[in-house]
Amino acid sequence: MITMIDAENLTKYYGDFLAVDHINFEIKEGEIFGFLGPNGAGKTTTIRMLAAIFPPTEGSASVAGFDINEDAMSVRANVGILSENPSLYERLSARANLEFFAKLYDVPKDQINTRIEFLGDLFDLKTRLDERVGTYSKGMKQKLAIARALIHDPKVLFLDEPTSALSPEASKSIRDLLTDLAKDRSRTVCICTHNLFDAERLCDRVAIIREGKILTIGSPGEISNNYSGPPTIQISFSKLNKELVTSISKSEGVISVEQHSVKNEVSIKLENHEKHTPLIIADLISRKAQILEVKPIYASLEEAYLKLIEEDIINGFET
Amino acid sequence: MGLRLRKAFLLTRKELKESLKSKEVILIITLMPLMFAVIMPLCIPLVNFTVPTEVFTEDDFESFPALVPYWDELDSKGRFLIFFTMIFFESFLLLPMILPMAIAGDSIAGERERKTIEALIATPLTTGEIVLGKLMTTMIPSVLITWFSGIIFMIIADLSLYGVIGRLVFPNMMSAVLLFGLSPFFTLITTQTMLIVSTRASGMREAQQLGSLVVIPLFLFILGETAILVLLKAYWTAVTSSILLLCTIFLLLINLKIFDREYMIASVRG
Numbered sequence: 006m007i008t009m010i011d012a013e014n015l016t017k018y019y020g021d022f023l024a025v026d027h028i029n030f031e032i033k034e035g036e037i038f039g040f041l042g043p044n045g046a047g048k049t050t051t052i053r054m055l056a057a058i059f060p061p062t063e064g065s066a067s068v069a070g071f072d073i074n075e076d077a078m079s080v081r082a083n084v085g086i087l088s089e090n091p092s093l094y095e096r097l098s099a100r101a102n103l104e105f106f107a108k109l110y111d112v113p114k115d116q117i118n119t120r121i122e123f124l125g126d127l128f129d130l131k132t133r134l135d136e137r138v139g140t141y142s143k144g145m146k147q148k149l150a151i152a153r154a155l156i157h158d159p160k161v162l163f164l165d166e167p168t169s170a171l172s173p174e175a176s177k178s179i180r181d182l183l184t185d186l187a188k189d190r191s192r193t194v195c196i197c198t199h200n201l202f203d204a205e206r207l208c209d210r211v212a213i214i215r216e217g218k219i220l221t222i223g224s225p226g227e228i229s230n231n232y233s234g235p236p237t238i239q240i241s242f243s244k245l246n247k248e249l250v251t252s253i254s255k256s257e258g259v260i261s262v263e264q265h266s267v268k269n270e271v272s273i274k275l276e277n278h279e280k281h282t283p284l285i286i287a288d289l290i291s292r293k294a295q296i297l298e299v300k301p302i303y304a305s306l307e308e309a310y311l312k313l314i315e316e317d318i319i320n321g322f323e324t
Numbered sequence: 004m005g006l007r008l009r010k011a012f013l014l015t016r017k018e019l020k021e022s023l024k025s026k027e028v029i030l031i032i033t034l035m036p037l038m039f040a041v042i043m044p045l046c047i048p049l050v051n052f053t054v055p056t057e058v059f060t061e062d063d064f065e066s067f068p069a070l071v072p073y074w075d076e077l078d079s080k081g082r083f084l085i086f087f088t089m090i091f092f093e094s095f096l097l098l099p100m101i102l103p104m105a106i107a108g109d110s111i112a113g114e115r116e117r118k119t120i121e122a123l124i125a126t127p128l129t130t131g132e133i134v135l136g137k138l139m140t141t142m143i144p145s146v147l148i149t150w151f152s153g154i155i156f157m158i159i160a161d162l163s164l165y166g167v168i169g170r171l172v173f174p175n176m177m178s179a180v181l182l183f184g185l186s187p188f189f190t191l192i193t194t195q196t197m198l199i200v201s202t203r204a205s206g207m208r209e210a211q212q213l214g215s216l217v218v219i220p221l222f223l224f225i226l227g228e229t230a231i232l233v234l235l236k237a238y239w240t241a242v243t244s245s246i247l248l249l250c251t252i253f254l255l256l257i258n259l260k261i262f263d264r265e266y267m268i269a270s271v272r273g
């Protein structure tokens, strides 16, 4: 797979403040990549450098085959960006906004209207394209800003908090759209988000950033496993009694058992879930327990993220 | 990459569309020309009627330089009215400085205030194209409105004076040089100053306040230029116009240097 973004020692200082600290990563074509991190971690600065809005202080990156230091104009022509603010001209209509940017990005004249209609349709804005953007709701403005980022069908898309201000349905439609763009049309999507739910569902890989440094990179699943340990095993019974819970807690490899008071369920932490789960199930069957469901509950990305950030803060204090 | 005029024009067209939807801009670009080009010359007949002929003696404008070619044929009151009209005309030349303050303030500082600058900076436009686009946004309407208003001023002033002195005052060499030759420079210098202050000011109001400081030296320049046109004629006019041209080029270079993409984004308040 082609590497669409290749950052080497990317660094940014604002005066004496180090916003991004010598970060290295690669993003492939068709990949959805997420930058996660607390406020001020350096996520937005990173995508601004990658979108060639301003140059890095040190290091370099190649985006869509162009160097951000040597050929910033070509980088800008080949990427689309949704910034922190929708940056829309509110006194103009949505159509006038899209038309202006289409012309700046050299979309062929005969394709501009088709493109605007297509995006209007895609984002459910078609009936209001000729209205002033100032009359739009926050969610509609966000959709229009994403449509603007897509007007020239860029190879790489940078989105800063793409689902903020959107309703759950609109968020889902944006997630579906981004997935389609990446998987069906091989576009590379790079998002900055605080929304771990979005990151978990949307991103192929994420980088967790704090104080300008990348703490880890991997798929949400890998990060969850690496930083939150093995899954918890959840067993549901048609009928649960104390003896069963006691026998589970005495089984080999069990670290802890938690019984849910309302449901007939137990959550079990095991030393090695692959080895010990079959043993427990066999034991329960021999005791004639009526098992309805057995499922592993993996730690969420949120848990892993919080753990990682917390560890980094503690390490920071210790050093 | 060279400067692509087509791209700069695209920006200008968009900016003009946007500015012309601002009530504040519309108010300034309609009321100011109305005041300077219509109301002011309409005051000339009032001066004629309210100032009695008896107050003038033959010697009042004896030593005064000729403001029009038929100066010697006029009586004292006629000379006074022409002198008064010329002072009005000089005041009219504040217009090419007031208009760019309103439009440039909205176009540059306003863009940062409305947080729309990042999307523009992220496009494949060069800094030169953005600066040129913004300059043209202010220059085109300001110069056209000034010229049109200047012609209206001259027509109304002539109509007001003709009944009294029986001659036309406008057009004359001095008004033509000031209106068509020098007023675009006044607009350009004000626009460039507005660009400089707008890139640093926190908002549209602050930019307009800082920008207004440039009007005072420019207005003094107009007074000096008028005196030169009346007294010293062509040679000195060429010299002072060259100074204006150099100022314009100098300000353009400053603008290209200080239009810092990073600062423009960093200074947008979230």
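Protein chains in written order, with my numbering: chain A, 6 to 324; chain B, 4 to 273. Backbone N, C-alpha and C define an ideal beta-carbon position, used for all residues, glycine too.
Self-check item: Partner residues on chain B for TYR110(A), Cβ-Cβ distance less than 9 angstroms
Solution: Close to TYR110(A), with beta-carbon spacing below 9 angstroms, are these residues of chain B in chain order: THR126, PRO127.
Practice problem: Assign MET9(A) to one of three DSSP states: helix, strand, or coil. | Solution: When DSSP states are grouped into helix, strand and coil, MET9(A) belongs to the strand group.
Quiz item: In angstroms, rounded to a whole number, what distance separates the CA positions of ARG272(B) and HIS281(A)?
Solution: Unreliable placement is indicated for ARG272(B), whose pLDDT of 47 sits below 50; no coordinate value is reported for it.
Practice problem: Starting from GLY64(A), follow the beta strand (DSSP E) in both directions and report where the run begins and ends. | Solution: That run of the beta strand (DSSP E) goes 63-68.
Quiz prompt | Length of the line joining the Cα atoms of MET35(B) and ARG190(A) | solution = Distance between the alpha carbons of MET35(B) and ARG190(A): 55 angstroms.
Quiz item: What span of residues does the beta strand (DSSP E) with ILE196(A) cover, start to end?
Solution: For ILE196(A), the enclosing beta strand (DSSP E) starts and ends at 193-198.
Self-check item: Partner residues on chain B for SER92(A), Cβ-Cβ distance less than 7 angstroms
Solution: Per Cβ cutoff of 7 angstroms: LYS118, THR119, GLU121, ALA122.
Practice problem: Could you tell me whether any Cβ in chain B is nearer than 8 angstroms to the Cβ of ILE10(A)? | Solution: It does not; no Cβ of chain B falls within 8 angstroms.
Quiz item: Got a sec: is the Cβ-Cβ distance from ALA187(A) to anything in chain B below 8 angstroms?
Solution: So no, ALA187(A) is outside the interface.
Practice problem: Would you decide whether PRO55(B) is buried or exposed? Buried here means 16 or more other CB atoms lie within 10 Å of its CB. | Solution: The residue is exposed, with fewer than 16 neighbouring Cβ atoms inside 10 Å.
Quiz item: From ALA150(A) to LEU249(B), what distance separates their C-alpha atoms?
Solution: Pairing ALA150(A) with LEU249(B), the inter-Cα distance amounts to about 42 angstroms.
Practice problem: Would you list, in chain order, the members of the region 139-155 of chain A that have their beta-carbon closer than 9 angstroms to a beta-carbon of chain B? | Solution: Going along the region 139-155 of chain A in chain order, one finds ALA150, ARG153, ALA154 with a Cβ nearer than 9 angstroms to chain B.
Quiz prompt | Residue burial classification, SER245(B) (beta-carbon count within 10 angstroms, cutoff 16) | solution = Exposed.
Exercise. Could you check if MET142(B) is buried or exposed, using at least 16 other CB atoms within 10 Å of its CB as the buried criterion?
Key: Buried is the call here.
Quiz item: Any C-beta of chain B sitting closer than 8 angstroms to the C-beta of LEU97(A)?
Solution: Yes, its Cβ sits closer than 8 angstroms to a Cβ of chain B.
Quiz item: Counting pairs of Cβ atoms below 8 angstroms between the region 97-115 of chain B and the region 185-200 of chain B, do you hit three or more?
Solution: Cβ pair count under 8 angstroms is three or more, so yes.
Quiz prompt | Of the residues PHE189(B), VAL200(B), MET43(B), GLU121(B), the one placed nearest LEU223(B), counting alpha carbons only | solution = Ranking PHE189(B), VAL200(B), MET43(B), GLU121(B) by Cα distance to LEU223(B) puts PHE189(B) first.
Quiz item: Which residue or residues does DSSP assign as beta-bridge partners of THR221(A)?
Solution: Here THR221(A) is bridged, per DSSP, to ILE213(A).
Quiz item: Among residues of its own chain, excluding the 5 on either side of PRO91(A), which ones have a beta-carbon nearer than 8 angstroms to its beta-carbon?
Solution: Closer than 8 angstroms at the Cβ level, and outside the excluded window around PRO91(A), lie LYS146, GLN147, LEU149, ALA150.
Quiz prompt | Residues in the region 43-63 of chain A having any Cβ partner in chain B nearer than 9 angstroms | solution = So the list reads ARG53, ALA56, ALA57, ILE58, PHE59, PRO60, given in the order they occur along the chain.
Quiz item: chain A beta carbons: is any one of them nearer than 8 angstroms to that of GLY273(B)?
Solution: Here the model assigns GLY273(B) a pLDDT of 42, short of 50, so the residue's position is not dependable and the matter cannot be decided.
Exercise. State yes or no: is the C-beta of ASP165(A) nearer than 7 angstroms to some heavy atom of the ligand GDP?
Key: As presented, the structure is devoid of all ligands, the ligand GDP included, so that no description of it is given.
Exercise. Would you check if the distance between the CB atom of ALA66(A) and the CB atom of PRO127(B) is smaller than 8 angstroms?
Key: For the 8 angstroms CB-CB criterion, ALA66(A) and PRO127(B) do not form a contact.
Quiz prompt | Continuous beta strand (DSSP E) stretch holding GLY1(B): start and end | solution = Residue 1(B) falls outside the range modelled here, since chain B spans only 4 to 273, and no answer is possible.
Quiz item: For GLN239(A), which three-state DSSP category applies?
Solution: Strand at GLN239(A).
Self-check item: Range of the contiguous alpha helix (DSSP H) that encloses PRO274(B)
Solution: Chain B is shown only over 4 to 273; residue 274(B) falls outside these bounds and no answer can be derived.
Exercise. Verify whether the separation of the beta carbon atoms of ARG117(B) and GLU95(A) is less than 8 angstroms.
Key: Cβ atoms of ARG117(B) and GLU95(A): closer than 8 angstroms.
Practice problem: Flag ARG264(B) as yes if its beta-carbon sits less than 8 angstroms from any beta-carbon of chain A, otherwise no. | Solution: It does; some Cβ of chain A falls within 8 angstroms.
Quiz prompt | is_contact[PHE71(A), chain B] using C-beta, thresh 8 angstroms | solution = PHE71(A) has a beta carbon lying at 8 angstroms or more from every beta carbon in chain B.
Practice problem: Quick one: using the 10 Å Cβ neighbour count with 16 as the cut-off for buried, is ASN44(A) buried or exposed? | Solution: By the beta-carbon neighbour count (other beta carbons within 10 angstroms, threshold 16), ASN44(A) is exposed.
Quiz prompt | Residue closest to LEU96(B), alpha-carbon to alpha-carbon, out of PHE83(B), MET177(B), GLY5(B), ILE120(B) | solution = Nearest C-alpha to LEU96(B): MET177(B).
Quiz item: Between which two residues does the alpha helix (DSSP H) harbouring GLU279(A) extend?
Solution: 278-291 is the extent of the alpha helix (DSSP H) around GLU279(A).
Quiz item: Checking contacts by CB at 8 angstroms: is TYR310(A) closer than that to chain B?
Solution: Closer than 8 angstroms: no.
Quiz prompt | First through last residue of the alpha helix (DSSP H) which encompasses GLU205(A) | solution = It spans 201-207 - the alpha helix (DSSP H) in which GLU205(A) sits, taken as one unbroken run.
Quiz item: Since SER79(B) meets chain A, which of its residues come closer than 7 angstroms, beta carbon to beta carbon?
Solution: Going along chain A, no residue has its Cβ under 7 angstroms from SER79(B), so there is no contact; the nearest lies around 54 angstroms.
Quiz item: Going along chain C, which residues have a C-beta under 9 angstroms from ARG120(A)?
Solution: The structure shown contains no chain C; its protein chains are A and B.
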